[in-house]
Amino acid sequence: MTTGRVALVTGASRGIGAATASLLAARGMRVVVNYLHSGAAADEVVAGIAAAGGRAMAVRADVREAAAVDGMIEQVRAAWGGIDVLVHNALIPYVIKPFKDMTWEELGGKLDDELRAAFAVTKAVLPAMTVKGWGRIIYLGTGLSRQPREGMIALGTAKAALTQFARYLAQELGPRGITVNVVEPGPVEDTRMADVLDKEHKRRQVAATPLGRLAHPGDVAQAVAFYAGEDNAFMTGTTAAVNGGMAMY
Ligand SMILES: NC(=O)c1ccc[n+]([C@@H]2O[C@H](COP(=O)([O-])OP(=O)(O)OC[C@H]3O[C@@H](n4cnc5c(N)ncnc54)[C@H](OP(=O)(O)O)[C@@H]3O)[C@@H](O)[C@H]2O)c1
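For the sequence shown, the residue numbers in my numbering are 58 to 306.
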């Protein structure tokens with residue numbers, strides 16, 4: 058149990074973020090369910106947590122906008138104090154197409170959005186973590202940052218940059234008692250991404266997975282919760298693959 062810690066999960070209105078918010082709340086954390094457009098879905102996540110005896114609040118903020126992120130952190134600070142655990146999970150839209158058809162605005166736009174959001178949310182949570190000398194930061198990466206798949210150059214390249222960003226932070230923030238790690242899922246069922254895969258593609262991916270299925274959001278949440286845990290004090294700068302053995306590294 059990690060009772061009393063305050064966790065912010067960005068993009069928690071559905072998918073992996075929603076599953077993570079629920080699991081962290083079940084482990085005793087007070088959870089901020091961040092969203093951008095899906096207020097009703099975020100409220101449902103909060104209601105589900107409350108029904109299970111946990112504590113959560115939904116807060117709208119576009120994580121690409123520093124002012125909006127600062128406003129969200131201030132709202133949380135007034136209610137619960139500083140953030141102890143940051144799970145940066147929000148999936149900012151990107152194009153799926155081959156490089157030959159891609160414009161710089163599409164590729165560069167995704168890189169800018171991805172790093173701008175990671176920069177903004179990380180800057181915003183650091184002061185309170187630094188004062189406490191304790192913090193857990195977990196970024197959602199993807200196996201596509203290591204293993205290319207057709208059409209996924211924008212996401213894979215942006216997430217590879219995010220993963221290296223996380224390692225630099227792990228080095229700099231370790232002396233402040235803050236760990237920084239990345240969870241890298243393979244394809245996850247019940248998310249928008251999974252809808253992009255056609256049936257045959259899914260079948261081939263399952264066939265190539267030793268554990269014989271795609272991930273569920275809850276599988277990914279388990280890895281995030283592991284990094285977020287009170288007792289997990291000596292892992293930083295690492296990546297955890299959650300892919301059923303589809304890729305091993
Ligand atoms: N699904 C997969 O197969 C898979 C595989 C590998 C890695 N991942 C990674 O796991 C993470 C979650 O993926 P997912 O598939 O669960 O995502 P998802 O189902 O598409 O949900 C995306 C979430 O991000 C929020 N969001 C989008 N833009 C935002 C913004 N600018 N500010 C705040 N929130 C924003 C959405 O909120 P609103 O609806 O309110 O806009 C939603 O809650 C991502 O980082 C993704 O790259 C996913």
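Think of the CB as a built atom: it goes at the ideal place given N, C-alpha and C, for glycine as much as any other residue.
Element boundaries [beta strand (DSSP E), containing Glu241]: Start at 1 with the first residue of the sequence shown, and residue 241 comes out as number 184. Taken as a continuous stretch (DSSP letters only), the beta strand (DSSP E) holding Glu241 covers Ile235 to Pro242.
Does Tyr196 come out as helix, strand or coil in the three-state DSSP assignment? Residue mapping note: residue 196 aligns to position 139 of the sequence shown, counting from 1. DSSP places Tyr196 in strand when its eight states are reduced to three.
Burial state of Gln228, where buried means 16 or more other Cβ atoms lie within 10 Å: The residue given as residue 228 occupies position 171 in the sequence shown. Counting Cβ neighbours within 10 Å, Gln228 comes out exposed, since fewer than 16 surround it.
For ligand 1, I want to know if Arg71 counts as a neighbour, meaning its beta carbon is within less than 7 Å of at least one of the ligand's heavy atoms. Here residue 71 refers to the residue found at position 14 when the sequence shown is read from its first residue. Yes, since a heavy atom of ligand 1 falls inside the 7 Å radius drawn around the Cβ of Arg71.
My guess is that Val103 and Ala118 are in contact by the Cβ rule of under 8 Å, so how many angstroms apart are they, rounded? Residue numbering aside, residue 103 sits at position 46 when the sequence shown is read from its first letter. Residue numbering aside, residue 118 sits at position 61 when the sequence shown is read from its first letter. Val103 to Ala118, Cβ: 15 Å. No contact.
Under a Cβ-count criterion, where at least 16 other Cβ atoms within 10 Å of its own Cβ denotes burial, should Met305 be classed as buried or exposed? Stepping through the sequence shown from its first residue, residue 305 is reached at position 248. Per the 10 Å Cβ criterion, exposed.
Please go through the stretch 82-126 and give each complete beta strand (DSSP E) segment of 3 or more residues, from N-terminal end onward. 87-92 and 112-117
One or two residues paired with Ala298 in a DSSP bridge: Your numbering for residue 298 matches position 241 in the sequence shown. Partner(s): Glu241.
For ligand 1, I want to know if Asn238 counts as a neighbour, meaning its beta carbon is within less than 7 Å of at least one of the ligand's heavy atoms. Here residue 238 refers to the residue found at position 181 when the sequence shown is read from its first residue. For Asn238, the CB stays at least 7 Å from every heavy atom of ligand 1.
Report the three-state DSSP secondary structure of Val152 (helix, strand or coil). Within the sequence shown, the letter at position 95 stands for residue 152. In the three-state reduction of the DSSP assignment, Val152 falls in the coil class.
Taking 8 Å as the threshold (C-beta atoms), are Gly192 and Ile235 in contact? Taking the first residue of the sequence shown as position 1, residue 235 is located at position 178. Taking the first residue of the sequence shown as position 1, residue 192 is located at position 135. Yes. Within cutoff.
For Glu241 versus Val178, is the C-beta spacing smaller than 8 Å? To locate residue 241, count along the sequence shown from 1; it is residue 184. To locate residue 178, count along the sequence shown from 1; it is residue 121. No, the Cβ-Cβ distance between Glu241 and Val178 is not below 8 Å.
Let me know the secondary structure DSSP gives Ala290 once reduced to three states. Taking the sequence shown and counting its residues from 1, one reaches residue 290 at position 233. Looking at Ala290 - three-state DSSP - the assignment turns out to be coil, as it is neither helix nor strand.
Would you list the residues sitting across from His145 in a DSSP beta bridge? By one-based count along the sequence shown, residue 145 stands at place 88. Its beta-bridge partners are Tyr196.
Using only the heavy atoms of ligand 1, determine whether one of them is closer than 7 Å to the beta carbon of Tyr92. Position 35 of the sequence shown holds residue 92. Flag set: Cβ of Tyr92 near ligand 1.
Contact test: Pro205 Cβ vs ligand 1 heavy atom, cutoff 7 Å: Locating residue 205 in the sequence shown gives position 148, where the first residue counts as 1. Not under cutoff, so the answer is no.
State the Cα-Cα distance for the pair Val88 and Pro274, rounded to the nearest angstrom. Within the sequence shown, the letter at position 31 stands for residue 88. Within the sequence shown, the letter at position 217 stands for residue 274. Distance between the alpha carbons of Val88 and Pro274: 17 Å.
I'd like to know if the stretch 278-292 and the stretch 253-261 are in contact, where contact means that at least 3 CB-CB pairs between them fall below 8 Å. no
Roughly how many whole angstroms lie between the Cα atoms of Lys157 and Ala251? The sequence position of residue 157 within the sequence shown is 100, counting from 1. The sequence position of residue 251 within the sequence shown is 194, counting from 1. Near 24 Å, if we compare the C-alpha coordinates of Ala251 and Lys157.
Which residue comes first and which comes last in the beta strand (DSSP E) that contains Ala64? Here residue 64 refers to the residue found at position 7 when the sequence shown is read from its first residue. Unbroken beta strand (DSSP E) run through Ala64: Val63 to Val66.
Decide if the stretch 197-214 is in contact with the stretch 160-178; the criterion is three or more beta carbon pairs, one per stretch, under 8 Å apart. Verdict: yes, contact present.
Residues sharing a beta bridge with Ala272, DSSP: For the purposes of this step, residue 272 is taken as the residue at position 215 of the sequence shown. As a beta-bridge residue in DSSP terms, Ala272 pairs with Val245.
CB Leu201 to CB Met209, shorter than 8 Å? Position 144 of the sequence shown, counting from 1, holds the residue named residue 201. Position 152 of the sequence shown, counting from 1, holds the residue named residue 209. For Leu201 and Met209, yes; Cβs fall inside 8 Å.
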